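Here the protein sequences come in this chain order: A and B. All residue numbers for the first sequence refer to our numbering, where the first residue is -8 and numbers rise by one. All residue numbers for the second sequence refer to our numbering, where the first residue is -8 and numbers rise by one.
Protein chains: 2
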Amino acid sequence: MEVTRTLARFIVDHRASELPQKVRHEAARSFLNWVGCAVGASRHATVERALAALDEFSGPREATVLGRGDRLDIMLAALMNGITSHTFDFDDTHLKTVIHPSGPVASAILALAERKPVQGEDFLHAFILGVEAECRIGSSVYPPHYDVGWHITGTAGVFGAAAAAGKILGLDEQQMTWSLGIAATQSSGLREMFGTMCKPFHPGNAARNGLLAALLAQRGFTSSNQGIEAKRGFANVLSTAFRRGEITERLGETWEIALNTYKPFACGIVEHPAIDGCIQLRNEHTLKAGDIESIALKVHPLVLELTGKRTPQSGLEGKFSVYHSCAVALVHGAAGEAQYSDEAVRDPGVVALRDRVTANVEKGVHEDQVHVTIKLKNGRTLERHVEHAVGSLDRPMSDADLEAKFRVLAGDILSKPEADELIRLCWDIGRLKDAGEVARASVPATAARRARAS
Amino acid sequence: MEVTRTLARFIVDHRASELPQKVRHEAARSFLNWVGCAVGASRHATVERALAALDEFSGPREATVLGRGDRLDIMLAALMNGITSHTFDFDDTHLKTVIHPSGPVASAILALAERKPVQGEDFLHAFILGVEAECRIGSSVYPPHYDVGWHITGTAGVFGAAAAAGKILGLDEQQMTWSLGIAATQSSGLREMFGTMCKPFHPGNAARNGLLAALLAQRGFTSSNQGIEAKRGFANVLSTAFRRGEITERLGETWEIALNTYKPFACGIVEHPAIDGCIQLRNEHTLKAGDIESIALKVHPLVLELTGKRTPQSGLEGKFSVYHSCAVALVHGAAGEAQYSDEAVRDPGVVALRDRVTANVEKGVHEDQVHVTIKLKNGRTLERHVEHAVGSLDRPMSDADLEAKFRVLAGDILSKPEADELIRLCWDIGRLKDAGEVARASVPATAARRARAS
């Protein structure tokens, strides 16, 4: 069975009216969370440096960099919004594949929607289909693909962007097959880049390149028709195993976006159970850092593999240190973006506690679990087994939780009325006349004035 | 030993005055051949479709699409010139790695040179260093990397573009290390795309993305410092073997561009011995197609793996058919671009002869060899063993051969005086005051007038 063409046909033929309401609502939740993350990081050094490098090369400035007055051509705007939305490592996670699904997809099509108005209904539909393509393709090669060293948000994300952008552009089946093929041959992103500015670059680049794929395919630029499944196609070249059924079976019956989750903490998902456990113990026992002799974690192997940095030197590195994360959880009772600043990582109180954290892999501990043992200086021992971290599928953040997270993220960028209005538009995304309205509403009045004046 | 940083330091510290004259001359030969290929293909459908898709998104139109009146921003121009130069599959080959080295590198820096004048001396130096980086990195993972299914011109080319563009931009050692890292995390291109428009897309995309890497690095956009050699870096993720010494040893003592070769035939290099053998027998025995009963080839395994299409349907597919190539060699005594048109592939005389060609893998036949046996209808048998195909390192094309090839390629695009002038500039590239002059001189007066009028 042809995999690429089957997926292309599904994306082309599917109608928005067939979407279950639950799926639409989860898509709106994903979109709200994505916009919040992008706006929140819009002044980060990663973003400033990328913009300084690229602004002067922009084509027609049709699209908005979320949270900023800057406008760029649609491919550069897609790149920038993909970067901003993943800069805090605070965006969504499709736990089955550890893909952060919204970044590549939403960044590509929101830029397109500013070029030519797109009805909210069509936008949400393309978003859901893009996430579907991306997560199914990711599922077909996960985990060996990820284990080899690929950053799956980049490698699978480019397909999601190509699929969603192609849907918005109204590609036919052959064009959509090419769009996925042109995406396949651009699939890239290495896990070695974790802890550097290239990590958020990956979803941005996936958005930029997926959009390019759809635009080329629209004009008849050809690729293989078996970009995903051929012997020398994506799956066989970038993975040691390939379950094609993950892509072709039950299309239109199950929806990957229904499995999306949102981070309550601004760091890698694998650390969340440990942070959750530490915050629970801190709050229940009103612990102070000075009370604590040691913290011992029993964890899943990925925790140390991904977040095993013993002595992080920067805020960004702190996100890849379960030791730092547990320390701030105990000191501050939180692990938001503020807890991953360079200052927070160098704070002597945090450093002292960090050095008292040990983490060991324990067989049978699954990815969403942790066992935390805190020894106090007074001789007492506190223990907490976390079965499912907050923010997981089994303990999801509520709509109100997501709004609260959005407000903290946008707090430094938007006024309260501006944040209120933007939240309203995000919830309404599926009903807007023009989805691009969200992008424009993300710009604070002060930045918009500055941009007009310059 | 640090691989990425060692290579970065070499590129940053090396001075043009240390280049041997022989290396400079080979670089000028490579550049001439590259310009000819790009100009020759500048009206191909592949190019027209890509341009139709992307022109309207161009930023400042600072750079030339070779052979055309169109101007684009430097990243899109790099993309387009990388595409045109590989569209005919007629460009150069670094036989050790089967990389087509000039496309990604020259496309990136010629665009840069039109943005801000670059002295020919510096241009040629950056070009040589870019090819050095690209081919050394390719050598470090070849052949397993290629065998897995990667199109090495794309995957290694992005490093060459990043290195050369970084040299032109004057990056320091840390920035160059980042530039190579940002290149590593964009490394992509699948062999599955051979025979489609995505094959020439690969060097174009490598040029575009390598240029992006250098521009980002210049502004302090960070990557891993071990993008090439880390456990989850380029070499280990994209290959099953890695010989780091190929990158770090004898830097500045040996030069990869000295190993460059140029194609006398407009198709995959692995077919060249067979074409050469057929043309030799045809010319020596003044063979006519009607005299021939059968043609039997004994070949290296890659010939069938890469060019085993039995019944090509288009000119492009014809390039991946050793059967078609031998048929046109015998019918026309040539295998230039004209022999790979859609018409040539459908020509009944060619098809009839094509179906009489058999090719079998023979142990001990190396990549540059072939054994051709032609049975004639009169009962005679002709045989030819080719030890080294014309255009190989052992039987290189002369400077005059390269000029003649250039003239055939440019013949449909430029007038004779325009071609003469462009050839002169290419030979002079290392002495020009402004290397960008070459790009502007590639535009025929008629196209320049059209562009000004529109």
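Using N, Cα and C, we set each Cβ at its ideal position, and we do this for glycine too. Bear in mind that the values here come from a model prediction, so they are computed numbers and not experimental data.
Proximal chain D residues relative to residue i, where beta-carbon distance stays under 8 Å
{"i": "A:ILE173", "result": "The question asks about chain D, but that chain is absent: this structure's protein chains are A and B."}
Cβ-heavy atom distance, residue i to the ligand NAP, below 7 Å
{"i": "A:VAL434", "result": "Of ligands this structure carries none, so the ligand NAP is not represented either."}
Whole-number beta carbon distance between residue j and residue i, since they are thought to touch under 8 Å
{"i": "B:LEU356", "j": "B:HIS276", "result": "Note that residue 356 of chain B corresponds to Val in the displayed sequence, not to Leu. About 23 Å; that fails the 8 Å criterion."}
{"i": "B:ALA44", "j": "A:LEU206", "result": "5 Å"}
{"i": "B:SER131", "j": "B:PHE1", "result": "About 14 Å separates the two Cβ atoms, so there is no contact after all."}
{"i": "B:SER383", "j": "B:THR252", "result": "6 Å"}
{"i": "A:LEU405", "j": "A:GLY111", "result": "Between A:GLY111 and A:LEU405 the Cβ distance is about 21 Å, and since that is not below 8 Å, they are no contact."}
{"i": "B:GLU125", "j": "B:ALA147", "result": "5 Å"}
{"i": "A:LEU115", "j": "A:ARG15", "result": "6 Å"}
is_contact[residue i, chain B] using C-beta, thresh 8 Å
{"i": "A:PRO51", "result": "yes"}
{"i": "A:LEU206", "result": "yes"}
{"i": "A:ASP64", "result": "yes"}
{"i": "A:LEU181", "result": "yes"}
{"i": "A:GLN304", "result": "no"}
{"i": "A:SER178", "result": "yes"}
{"i": "A:ASN227", "result": "yes"}
{"i": "A:VAL139", "result": "yes"}
{"i": "A:ASN196", "result": "yes"}
{"i": "A:ALA335", "result": "no"}
{"i": "A:GLY218", "result": "yes"}
Residue-level contact to chain A via CB, residue i, 8 Å cutoff
{"i": "B:VAL14", "result": "no"}
{"i": "B:GLY224", "result": "yes"}
{"i": "B:SER215", "result": "yes"}
{"i": "B:MET184", "result": "yes"}
{"i": "B:GLY211", "result": "yes"}
Backbone CA spacing between residue i and residue j [nearest angstrom]
{"i": "A:MET184", "j": "B:THR176", "result": "8 Å"}
{"i": "A:GLN330", "j": "A:VAL319", "result": "6 Å"}
{"i": "B:ALA69", "j": "B:GLY145", "result": "13 Å"}
{"i": "B:ARG40", "j": "B:PHE192", "result": "12 Å"}
{"i": "B:SER49", "j": "B:MET71", "result": "12 Å"}
{"i": "A:ALA463", "j": "B:GLY180", "result": "In the structure as shown, chain A starts at -8 and stops at 445, and residue 463 of chain A therefore has no counterpart that could be examined."}
{"i": "B:THR437", "j": "B:SER33", "result": "14 Å"}
{"i": "B:ALA395", "j": "A:GLY259", "result": "59 Å"}
{"i": "A:ARG6", "j": "A:THR(-3)", "result": "16 Å"}
{"i": "B:SER214", "j": "B:GLN165", "result": "10 Å"}
{"i": "A:ILE128", "j": "B:ASN369", "result": "58 Å"}
{"i": "A:PRO303", "j": "A:HIS315", "result": "8 Å"}
{"i": "A:ASP411", "j": "A:ALA442", "result": "22 Å"}
{"i": "A:LEU278", "j": "A:VAL377", "result": "18 Å"}
{"i": "A:ARG52", "j": "A:ALA430", "result": "13 Å"}
{"i": "B:GLU262", "j": "A:LEU400", "result": "59 Å"}
{"i": "A:ASN200", "j": "A:ASP425", "result": "24 Å"}
Same chain, Cβ closer than 7 Å to residue i, neighbours up to 5 away in sequence not counted
{"i": "B:LEU307", "result": "GLY186"}
{"i": "B:THR37", "result": "ILE74, THR78, MET188 and PRO191"}
{"i": "B:TRP418", "result": "ALA19 and LEU23"}
Three-way DSSP call (helix, strand, coil) for residue i in this model
{"i": "B:VAL109", "result": "coil"}
{"i": "B:GLU39", "result": "helix"}
{"i": "A:ARG443", "result": "helix"}
{"i": "B:ARG347", "result": "coil"}
{"i": "B:VAL132", "result": "helix"}
{"i": "B:GLY299", "result": "strand"}
{"i": "B:SER178", "result": "coil"}
{"i": "B:ASP83", "result": "strand"}
{"i": "A:ARG62", "result": "strand"}
{"i": "B:VAL122", "result": "helix"}
{"i": "A:THR78", "result": "helix"}
{"i": "B:ALA208", "result": "helix"}
{"i": "A:THR364", "result": "strand"}
{"i": "B:THR187", "result": "coil"}
Neighbourhood of residue i by C-beta, 6 Å cutoff - its chain only, sequence neighbours within 5 removed
{"i": "B:GLY157", "result": "MET167, SER170 and ALA205"}
{"i": "B:ARG59", "result": "SER33 and ALA438"}
{"i": "A:ARG182", "result": "GLY140 and HIS142"}
{"i": "A:PRO194", "result": "GLY73, HIS77, GLY94, PRO95, THR144 and GLY148"}
{"i": "A:ALA490", "result": "Lying before the first or after the last residue shown, residue 490 of chain A is absent from chain A, which here runs from -8 to 445."}
Cβ shell of residue i (< 8 Å), same chain only, five flanking positions each side left out
{"i": "B:LEU202", "result": "ILE65, MET66, ALA69, ALA99, ALA102, LEU103, ALA152, ALA153 and ALA156"}
{"i": "A:ALA221", "result": "SER215 and ASN227"}
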